[in-house]
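Enquirer: For the record, in the sequence shown the residue sitting at position 258 is 258 according to the working numbering, with numbers rising by one throughout.
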Amino acid sequence: MRCSKVGAVICISVILLCSSCSSVLLKEDSQPITAILGAFNKEVMMLEEQLTDKQQQTIEGMRFVTGKLHGKSVVVAWTGIGKVNAAMTTTLLIEHFRPGEVIFSGIAGSVNPQLSPGDIVIAAETAHHDMGILRADGFYNRGVINPLDGWRNPVYLPADKRLLKLAEQAADQVVLETIKTTVGERTPKIIKGVVVTGDVFVASPAKCAELRERLNADAVEMEGAAMAQICYQRRIPHLVVRSISDKADETAREDSMMFQEMAAKNSATLIAKIAELLSSQLPVEKSSKRR
Ligand code: ADE
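1) For T197 and L163, I'd like the C-alpha separation in whole angstroms.
2) Using 8 Å as the cut-off, classify the Cβ of M222 as near or not near the heavy atoms of ligand 1, replying yes or no.
3) What span of residues does the alpha helix (DSSP H) with N41 cover, start to end?
4) State the DSSP-derived secondary structure class of D255, mapped to helix, strand or coil.
5) Report buried or exposed for S280, applying the criterion of at least 16 other Cβ atoms within 10 angstroms of its Cβ.
6) Hey, could you find the ends of the alpha helix (DSSP H) T91 is sitting in?
7) Counting along the chain, where does the alpha helix (DSSP H) carrying I230 start and finish?
8) How would you label Y140, buried or exposed, when you count the other beta carbons within 10 angstroms and need 16 or more for buried?
9) Are there any heavy atoms of ligand 1 lying less than 8 Å away from the beta-carbon of S267, as far as the coordinates show?
10) Could you check which residue in M257, E60, V220 has the C-alpha nearest to that of S110?
11) What's the call for G193, buried or exposed, on a 16-neighbour Cβ count within 10 Å?
12) List the DSSP bridge partners of T126.
13) In whole angstroms, what is the alpha-carbon distance linking Q56 and M262?
14) Say the cut is 8 Å; is the CB of I230 nearer than that to a heavy atom of ligand 1?
15) From D255 to Y232, what distance separates their C-alpha atoms?
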């Protein structure tokens, strides 16, 4: 009698343990990891600091930090500046972590005159501004052939529609710190737009005008389209979010130094909100896919 009671307790414990194990596995399975990249330390540090269950690993010399951001499994890394570094880190990350999506967070110079430091551009599209054909009569944008399928990449690499929608929801919900200006305080603006990428820090009003005219750019930076191209070619959802640190004009270097912390923080705040929305959305997505 006593023996059978003990047996029953063991049996129930084993059943409970197994069911909790399988739910852990199911939960992990249902949430592919989200990759969050930034070009330099400051751009990802604010996100890294918010992680729980933080673990660090070094792969091929690059540091990757995994953990939970508002309940969402994420891997965070900084790529280094420029397109080659961004492409290298994105590829490394995809091979090792198989992320469900890749999001780039960071700062940019504004090309749209309506934007000021602290404002955010959610990139509906990214484009390489230095990829194409330079003819005697000017520069013509052109995507390169994707070596994985032989098709030519578009000039504008589109962000994933679901991530874009989530980012817009996040933009409606997020609370950003107000910015002090010479004429008082203002709340940062968040727009959906075009972010262009090239291996050059732009500090030239003439170049800004050209980027606006040629590509309808809102912001310019040095990594986004490289990450987007890798993800596009590998068919992995991606999104680029950038907050303005300077106006890509004559004082861009100094302005970027002065505003980069605030801009990086604004971008990270929006990304954290997107992670929160992603974490609450995934179980719904999975069950709807199963039906
Ligand atoms: N990132 C931040 N500001 C930038 C600029 N003006 N040009 C290129 N990348 C940038």
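Ideal Cβ placement from N, Cα and C applies to all residues, glycine included.
Expert: Let's see:
1) Note on geometry: alpha-carbon atoms of T197 and L163 lie some 20 Å from one another.
2) Because some heavy atom of ligand 1 lies under 8 Å away, the Cβ of M222 counts as near it: yes.
3) Element bounds for N41: 41-48.
4) Looking at D255 - three-state DSSP - the assignment turns out to be helix.
5) Looking at its Cβ environment, which holds fewer than 16 other Cβ atoms inside 10 Å, S280 is exposed.
6) Looking at the DSSP string, the run of the alpha helix (DSSP H) that includes T91 is 83-97.
7) 224-234 is the span of the alpha helix (DSSP H), which, as asked, contains I230.
8) Around the beta carbon of Y140, a 10 Å sphere encloses fewer than 16 other beta carbons of the protein chains shown; the residue is thus reported as exposed.
9) No; taking the cut-off as 8 Å, the Cβ of S267 has no heavy atom of ligand 1 nearer than that.
10) Here the closest residue by C-alpha is V220.
11) The residue in question, G193, is buried, as its Cβ has 16 or more Cβ neighbours within 10 Å.
12) Answer by DSSP bridge pairing, in chain order: L157, V195.
13) Rounded to the nearest whole angstrom, the C-alpha separation of Q56 and M262 is 26 Å.
14) Checking the Cβ of I230 against ligand 1 gives no.
15) The alpha-carbon of D255 is positioned some 33 Å away from that of Y232.
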